[in-house]
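Engineer: Before I ask anything, let me first share the structure, which is written out below as structure tokens.
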């Protein structure tokens, strides 16, 4: 088993990436000839009674490009913006809600169906959701979409599909091909189809000139391609090797045969097929081979993937694509608009294929009898990638490798599905892959999906090596535990541990024992947890894995805290923190520091607690760990309470509850007692009204605002109990009121009611920016740094 770090904290789920890049991609070129359509679709979205608009049209007509333009403009009209969800690569219909949730940054709660989580998260969101390429998923998406719209009154959906979704609430908008004729004003301007041809032609041949001798020829080419944008782009890309007259002549003969007896709609679709087929015919043999083989990928691909799967590297590959030619051949396909280059923010390059082109390429792969060979190579590459990523995750949560696996998730799904087909007899590959992916599924909260793949692989593979099976069983056991199925979890883990022991694999046994210990820790069985972690700690030490020695020391500290032994908890967590620092492991360092904060509070060492919790927040920020950050809010709330600041304590507990609920964070048992005691003390210290105001204010904080409040609580000078400060003589009401304008006083009162800046803007009909300015002025005039302090001041002085 690979040396992968065991789970470094106690409560599921754990995610290191909450939000995909999502939003609305920015096209590299301006939209042509769609101004009227953009206005019309925007007008439809502006109608209160229309919640679902579907852009309908044949492949290659420009539905996605129109949707992107509409979303780009409409985004600023929606409080929570517009979000673009590409669905072309999603073949498993049950993954549609999970895909949407992922783009929106809604992290999977293992204890609830993803459909319910998405519905709850969007319930009050004013948001435009763009669902692209929905046609192949319409059957399963329709009822889910109806329910989502019914429960989310401020949500609007813009979908693209080759056919209607056939929903009663749907407004269809037919996307027509681009007009070919020139503008009617007689000013010499080109029609949109001709503009597109010229734009694409100049992209590959800058000296291309549209003149009197070829203008009509270009118009004829566009006309014969029915004004379909993708078909026009493909034809224009050939100007590097053919004149416009030659392009037109080649089109004529083939179109004459295709058009005999066909209706207009069929004619457009066959024009699209013809344009792709014609572009394919113009490729060299090597380019054709590569183009076909690229269809084996799902959700895009990298140059590295091309070299592994599509070249003549390795046994069984074709003999026309040498490794060193892959870059040139790929570049040629990009130049001819058959594939697209997507530059990424991290500086890497990824390629994609439009769905119409992908379908054609797959048909060609089938016609050449290459599907089995290419699919096998794609699966082998996915296994290689997974096992390499596993090595890259040795003893730490490597966000870079997790991001790679997320980017290739559609390819991994395709490989798993192919290898689990009995016809291919590759179930052992599926088991190796699933066993290597379970930590990725865990850290990125693909819990339902990951468990399903593991269950299928374990059932299907009966001849795998024992160690491979044991690794999958450990992963399956822990994902089952994350979903509350502890009977299943313990059975799988017990079997996995037994296999590793029988194999004499000390590291793998230690890993499995640490996972088993994490479950005991979550269940509050601290004696059993101590036994599992102690044995794992010793075995990791014997194998020289000092990072996991630190991890298990940290867990020994947690179970010692659960057993009530603060001195031992302090010893273990301090040793874990120091060793993790030495091993350059920020994850375990942060976990140990977080627990040291709570231990110091219980030992009445408040300054020490504030110091380590400040560092904890900074470290969790570097690994993007929202769940753990939320738990630090609770620890800081305990610190605020013992210092006498009950209002801040309640606000931070409330914020943690709200934010944690959105991501499915579960309270662990060891620290829950400390939280309950602090909340009980805060309830006694505050009046019912003060409690309600503080709690409602916390419910409305997002992660960024909550971090501001948490850091303010940890600032130097907050060591004096706030209860003392609360009894200081307040400023007189008249002096306070005279310092604020009437509008500022109104805003302050609404802040005290728990309203967010946006809600205040909506209530009193002013802009969000104006509200933000008022809040800034209120803070300055009251000499306070936080919203909480301003509200507390208002309550103490009878202004709220």
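Numbering (the numbering used here), first residue to last: 386 to 1185. Yeah, the Cβ is synthetic: ideal placement off N, Cα and C, and Gly gets one too.
1) Under 6 Å Cβ to Cβ from residue 576, same chain only, skipping five residues before and after it: list those, please.
2) Quick check on the DSSP output: the alpha helix (DSSP H) that includes residue 448 runs from which residue to which?
3) How many angstroms separate the CA atom of residue 505 from the CA atom of residue 1167?
4) Is residue 869 near residue 881, with beta carbons less than 8 Å apart?
5) Decide if the region 473-493 is in contact with the region 585-602; the criterion is three or more beta carbon pairs, one per stretch, under 8 Å apart.
6) Mind reading off the beta-carbon distance from residue 1041 to residue 1015? Whole number of angstroms is fine, and I expect it under 8 Å.
7) Using a Cβ-Cβ cutoff of less than 7 Å, which residues in the same chain neighbour residue 984 once the five nearest sequence positions on both sides are dropped?
8) Using a Cβ-Cβ cut-off of 8 Å (strictly less than) and excluding sequence neighbours within five positions of residue 569, which residues of its own chain qualify?
9) Give the DSSP bridge partners of residue 471, in chain order.
10) Specify the secondary structure class of residue 1184 as computed by DSSP and reduced to three states.
11) Taking its Cβ as the centre, do 16 or more other Cβ atoms sit within 10 Å of residue 834, making it buried, or is it exposed?
12) Let me check you understand the geometry: is the CB of residue 522 closer than 7 Å to at least one non-hydrogen atom of the ligand SAM?
13) Quick check on the DSSP output: the alpha helix (DSSP H) that includes residue 672 runs from which residue to which?
14) Determine the closest residue to residue 794 out of 822, 807, 775, 1062, with distance taken between C-alpha atoms.
15) Quick one: using the 10 Å Cβ neighbour count with 16 as the cut-off for buried, is residue 830 buried or exposed?
16) With H, G and I counted as helix, E and B as strand and the rest as coil, what does DSSP make of residue 735?
17) In chain order, what residues of the same chain lie with their CB nearer than 7 Å to the CB of residue 1131, ignoring the 5 residues before and after it?
18) Determine the direct distance from the alpha carbon of residue 818 to that of residue 931, and round the result to whole angstroms.
19) Grab me the residues of residue 630's own chain with a C-beta within less than 8 Å of its C-beta, minus the 5 sequence neighbours each way, in chain order.
20) Which partner residues of residue 660 appear in the DSSP bridge assignment?
21) Nearest to residue 737 by alpha carbon, out of 690, 749, 707, 751?
22) Taking only three categories from DSSP, how would you classify residue 559?
23) Is residue 686 helix, strand or coil by DSSP?
24) Measure the C-alpha to C-alpha separation of residue 1107 and residue 1028 and round it to an integer number of angstroms.
25) If I follow the unbroken alpha helix (DSSP H) through residue 1141, where does it start and stop?
26) Can you check which of these residues, 628, 613, 610, 553, is closest to residue 590 by C-alpha distance?
27) Would you mind stating whether residue 544 and residue 519 have Cβ atoms separated by less than 8 Å?
28) Taking the DSSP output, what are the residues bridged to residue 637?
29) When DSSP labels each residue in this structure, what does residue 545 get in the three-state scheme?
30) Buried or exposed for residue 1020, please, with buried defined as at least 16 other CB atoms from any protein chain shown within 10 angstroms of its CB.
31) Of the choices 614, 1013, 949, whose alpha-carbon is the least far from that of residue 374?
32) Tell me, please, which residues DSSP counts as bridged to residue 439.
33) May I have the straight-line CA-CA distance separating residue 840 from residue 548, to the nearest angstrom?
34) Is it a yes or a no for the region 785-793 touching the region 704-724, going by three-plus beta-carbon pairs under 8 Å?
35) Hey, how far is the Cα of residue 1099 from the Cα of residue 1072?
36) Please list the terminal residues of the continuous alpha helix (DSSP H) segment that includes residue 607.
Structural biologist: Concretely, from the data shown:
1) Reading the chain shown from its first residue, position 191 is the one you call residue 576. Result list for residue 576: 564, 565, 566, 567, in chain order.
2) For the purposes of this step, residue 448 is taken as the residue at position 63 of the chain shown. Run containing residue 448: 448-459, per the alpha helix (DSSP H) assignment.
3) Here the question's residue 505 lines up with position 120 in the chain shown. Here the question's residue 1167 lines up with position 782 in the chain shown. Approximately 37 Å, taken between the alpha carbons.
4) Translated into the one-based positions of the chain shown, residue 869 becomes position 484. Translated into the one-based positions of the chain shown, residue 881 becomes position 496. No, the pair does not count as a contact, with Cβ atoms beyond the cut-off.
5) no
6) Taking the first residue of the chain shown as position 1, residue 1041 is located at position 656. Taking the first residue of the chain shown as position 1, residue 1015 is located at position 630. The pair is a contact, with the Cβ atoms about 5 Å apart (cut-off 8 Å).
7) For this step, residue 984 is matched to residue 599 along the chain shown. Excluding residues within five positions, the ones whose Cβ falls inside 7 Å are 946, 951, 954, 955, 958.
8) Your numbering for residue 569 matches position 184 in the chain shown. Per-residue confidence for residue 569 stands at a pLDDT of 45, beneath the threshold of 50, marking its modelled position as unreliable; the derived number appears in the next sentence. Taken in chain order, the list of residues that qualify is empty.
9) Working through the chain shown from its first residue, we reach residue 471 at position 86. Paired residues: 517.
10) Translated into positions along the chain shown, residue 1184 becomes position 799. Of the three classes helix, strand and coil, the one that applies to residue 1184 here is coil, per DSSP.
11) In the chain shown, the residue the question calls residue 834 occupies position 449. It is buried - the Cβ of residue 834 has at least 16 other Cβ atoms within 10 Å.
12) Ligands in the displayed structure: none, and consequently the ligand SAM is not present.
13) Here residue 672 corresponds to residue number 287 of the chain shown, with the count starting at 1. Segment 670-678, the alpha helix (DSSP H) holding residue 672.
14) In the chain shown, counting from the first residue as 1, residue 794 sits at position 409. Closest by alpha carbon: 822.
15) Along the chain shown, read from residue 1 onward, the residue named residue 830 stands at position 445. The residue in question, residue 830, is buried, as its Cβ has 16 or more Cβ neighbours within 10 Å.
16) Counting from 1 along the chain shown, the entry for residue 735 is found at position 350. The answer is strand: DSSP assigns residue 735 an E or B state.
17) Here residue 1131 refers to the residue found at position 746 of the chain shown. The answer, listed in chain order, is 1149.
18) Here residue 931 refers to the residue found at position 546 of the chain shown. Here residue 818 refers to the residue found at position 433 of the chain shown. Going from the Cα of residue 931 to the Cα of residue 818 covers about 27 Å.
19) Within the chain shown, numbered from 1, the residue matching residue 630 stands at position 245. Taken in chain order, the residues that qualify are 599, 602.
20) Translated into positions along the chain shown, residue 660 becomes position 275. Answer by DSSP bridge pairing: none, since residue 660 is not bridged.
21) Position 352 of the chain shown, counting from 1, holds the residue named residue 737. Answer by Cα proximity: 690.
22) For the purposes of this step, residue 559 is identified with residue 174 of the chain shown, where counting begins at 1. In the structure shown, residue 559 sits in a strand (DSSP, three-state: E or B).
23) Residue mapping note: residue 686 aligns to position 301 of the chain shown, counting from 1. Residue state, collapsed to three classes: strand.
24) Here residue 1107 refers to the residue found at position 722 when the chain shown is read from its first residue. Here residue 1028 refers to the residue found at position 643 when the chain shown is read from its first residue. Bear in mind that a pLDDT of 37 at residue 1107, under 50, signals an unreliable position, so the model cannot answer this.
25) Start at 1 with the first residue of the chain shown, and residue 1141 comes out as number 756. That residue, residue 1141, is in no alpha helix (DSSP H); it is neither H nor E in DSSP.
26) On the chain shown, residue 590 is found 205 positions in, with the first residue counted as 1. For residue 590, the nearest C-alpha among the options comes from 628.
27) In the chain shown, counting from the first residue as 1, residue 544 sits at position 159. In the chain shown, counting from the first residue as 1, residue 519 sits at position 134. Result yes, Cβ atoms of residue 544 and residue 519 sit closer than 8 Å.
28) Along the chain shown, one-based indexing puts residue 637 at 252. DSSP output for residue 637 lists no bridge partner at all.
29) Against the chain shown, residue 545 aligns to sequence position 160. Of the three classes helix, strand and coil, the one that applies to residue 545 here is strand, per DSSP.
30) As a working note, residue 1020 is residue 635 in the chain shown. That one is buried.
31) In the structure displayed, the chain extends from 386 to 1185; residue 374 sits before or after that span and is not available.
32) For this step, residue 439 is matched to residue 54 along the chain shown. Answer by DSSP bridge pairing, in chain order: 544, 557.
33) Locating residue 840 in the chain shown gives position 455, counting from the first residue. Locating residue 548 in the chain shown gives position 163, counting from the first residue. If I take the Cα positions, the gap works out to 36 Å.
34) no
35) Indexing the chain shown from 1 puts residue 1099 at position 714. Indexing the chain shown from 1 puts residue 1072 at position 687. Taking the straight line joining both Cα atoms gives about 25 Å.
36) For this step, residue 607 is matched to residue 222 along the chain shown. That run of the alpha helix (DSSP H) goes 600-609.
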